[in-house]
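What follows is one structure encoded as structure tokens, with my remarks underneath.
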Amino acid sequence: MRKPTMKQISAVLRQMTPGQLKAVATEVAALETRWGATAVIEGRFAAGVSCPHCQCERVHRHGQANGLQRYRCRECRRTFNALSGTSLSGLHKREKWLGQAEALRDGRPLRAVAKDLGIHVGTAHRWRHRFLAGPQAAMPESLAGIAEVDETMFLLSFKGQGTLPRKARKRGGKAAKRGLSHEQVSVLVARDRAGVTADCVLKATDATTLAAALKPIVPTDVVLCTDGSGALAAAARQLGIEHHAVNLSAGIRVDGAWHIQNVNAYHSRLKTWVRKFNGVATRYLENYLGWFRTLDRKSPDVLKPPQWLALAMGSHA
Ligand SMILES: [Zn+2]
């Protein structure tokens, strides 16, 4: 079939009823956001294409598939596109991805997202966590100067592993349904004075575990500042990092430059924010930590839906 000319398209549009025109406008809007998402996706290879299977850069173009440029690797002979190997690979309805990215930027609740995007709430849940794999993995390179470090506890639902979120239950109430149990999960947050933040879900809170958690996020030339817990002090010693403890038990909260008010304020913002999701399952906690870390680091003006989509694909904003 030959492509119709613009003149022919206009002629067809002029014959349409208002209802048909509205349907066409909806279709055009969907195609536009699909193109917008496609541009972000193809942007992954803007600086050069490499094979996601073997990292080889000897690749050539190999037609189009699903509206994306397809490539073929000369080394391993496999084909791929810009979505291959990302957490978004295999998801459908690309015209809604920028909407999903916007929902992440705005921290919108699941049911509202499902309604806005016209998708099932189970899909919204799956998309949320697929999209959060990128932000979750995007830990800052490293902290500098003074790093305030503190632990905080989260009460999470241990078994909430189904695909659907629970309805909110009354605040402070016990789990309403049988089979739901809760657990306290400890999260370690390190934040430097420039606001660079790293976090980690702790399996245990002994010095060795803390040292292992701190090692990848805190270079040895930073100075740790903590509330003086014995385990954190011992962890700093194990890592050979200078450490200042604020003696909170003696009522001292600020001692010159030494305080942990930034990290405590971060904990407080994080907990307030997590609360609106009405029951976060333990297995998803790291995704929520990465989500909040990203929201807290960059203002919504800086991180727009296309940047969130790029982050979801694993690029670092
Ligand atoms: Zn290859």
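The opening residue of the sequence shown carries number 3 in my numbering; numbering runs sequentially from there. Even glycine gets a Cβ: it sits at the ideal position worked out from N, Cα and C. If you're wondering where the values come from, they're calculated on a predicted model, not measured in any experiment.
Cα atoms of E97 and L119: separation of roughly 10 Å, rounded to the nearest angstrom. C-alpha of E150 to C-alpha of T207: approximately 17 Å in a straight line.
Distance from the C-beta of H55 to the nearest heavy atom of ligand 1 is below 8 Å.
Counting along the chain, T274 sits inside the alpha helix (DSSP H) bounded by residues 263-277.
Here DSSP, grouped into helix, strand and coil, assigns H131 to helix. Of all alpha-carbon atoms in R74, K95, G87, the one lying nearest the alpha-carbon of A39 is that of K95. Separation of Q22 and A116 (C-alpha to C-alpha, rounded to the nearest whole angstrom) is 26 Å. At least one heavy atom of ligand 1 sits closer than 8 Å to the Cβ of E77. Within the chosen limit of 8 Å, ligand 1 does not reach the beta carbon of R113 with any heavy atom. Assignment of beta-bridge partners to S188 by DSSP yields M155, L204.
Relative to ligand 1, the beta carbon of R80 is positioned inside 8 Å of a heavy atom. Contact check between the stretch 223-235 and the stretch 288-302: fewer than three CB pairs, one atom from each, fall below 8 Å, which does not count as touching. The alpha-carbon separation between Q138 and T19 amounts to approximately 48 Å. The beta carbon of C202 sits no closer than 8 Å to any heavy atom of ligand 1.
E288 is bridged by DSSP to nothing; it lacks a bridge partner. Per DSSP, the unbroken beta strand (DSSP E) holding G65 starts and ends at 61-67. For Q71, the enclosing beta strand (DSSP E) begins and ends at 70-75. A259 sits in coil when the DSSP states are folded into three classes, being neither helix nor strand. Each of G232, N264, L241 was checked against the Cα of N249, and the nearest Cα belongs to G232. If you draw a 10 Å sphere on the C-beta of C53, you find 16 or more other C-beta atoms in it, and that means buried. Apart from the 5 residues on each side of it in sequence, C78 sits with its Cβ closer than 6 Å to the Cβ of H55, C56 in its chain, given in chain order. Secondary structure at E143: coil, using DSSP grouped into helix, strand and coil.
The Cβ neighbour count for V51, taken over all protein chains shown within 10 Å, is at least 16; the residue is labelled buried.
Around the beta-carbon of W37, fewer than 16 other beta-carbon atoms lie within 10 Å, marking it exposed. Note: H94 is not bridge-paired with any residue in the DSSP secondary-structure output. It is roughly 8 Å from the alpha-carbon of A140 to the alpha-carbon of G316. Only residues of its own chain outside the window of five on either side were considered, and among them R36, T40, R96 have a CB closer than 8 Å to the CB of G69, listed in chain order.
Proximity of the beta carbon of C58 to ligand 1 is indicated: a heavy atom of the ligand is located closer than 8 Å. The closest CA to that of V187, considering only R74, D201, D194, is found on D201. Note that the C-beta distance between F156 and V189 is below 9 Å.
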